[in-house]
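One structure is given below, encoded as structure tokens.
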Amino acid sequence: QVQLVESGGGLVQAGGSLRLSCVASGFTLRGYIMAWYRQAPGKQRELVAHITSIGNTNYADSVKGRFTISRDNAKNTVYLQMNSLKPEDTAVYYCNRLNEPNNWGQGTQVTVSS
């Protein structure tokens, strides 16, 4: 049974940093492109960043230069380091396999105050 558990969110002031973690179980993360998504209130879920099995990364323009996605295949875990946070980064953040329509976790809330 595939399970994804996100953690590390919280309330932070603008300009601050957070590090999100996503622990996967029920499958071996190694063979998949993994992604972080976010959904702000009243908006559609959007792709924030993804990372290939060999560590190549891609970012949404809105977070480029501020966020860093990484993975530890041995720990079956994906991370998202978020720096220089802005109020518009406020959202629930989720991880999942790229383009996977199912198996969403509960996400972790990130709130950035101005």
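Just so we're aligned: the sequence shown equals residues 4 to 117 in the numbering used here.
For each residue, glycine too, the CB sits at the ideal point set by N, CA and C.
Where residue i falls: helix, strand or coil (DSSP)
i, result
"G3", "A query on residue 3 cannot be resolved here, the shown segment of the chain reaching from 4 to 117 and no further."
"N61", "strand"
Beta-ladder partner(s) of residue i, from DSSP
i, result
"Y40", "L50, Y97"
"F70", "M85"
"R33", "Beta-bridge pairing links R33 to no other residue."
"Q6", "S28"
Length of the line joining the Cα atoms of residue i and residue j
i, j, result
"V81", "V66", "17 Å"
"E91", "Q16", "12 Å"
"V26", "S117", "30 Å"
"C98", "V115", "19 Å"
"W39", "L83", "8 Å"
"E9", "G68", "22 Å"
Original post:
Unbroken beta strand (DSSP E) runs of length 3 or more, entirely within the segment 76-115: which are they?
Top reply: You should have 80-85, 94-100.
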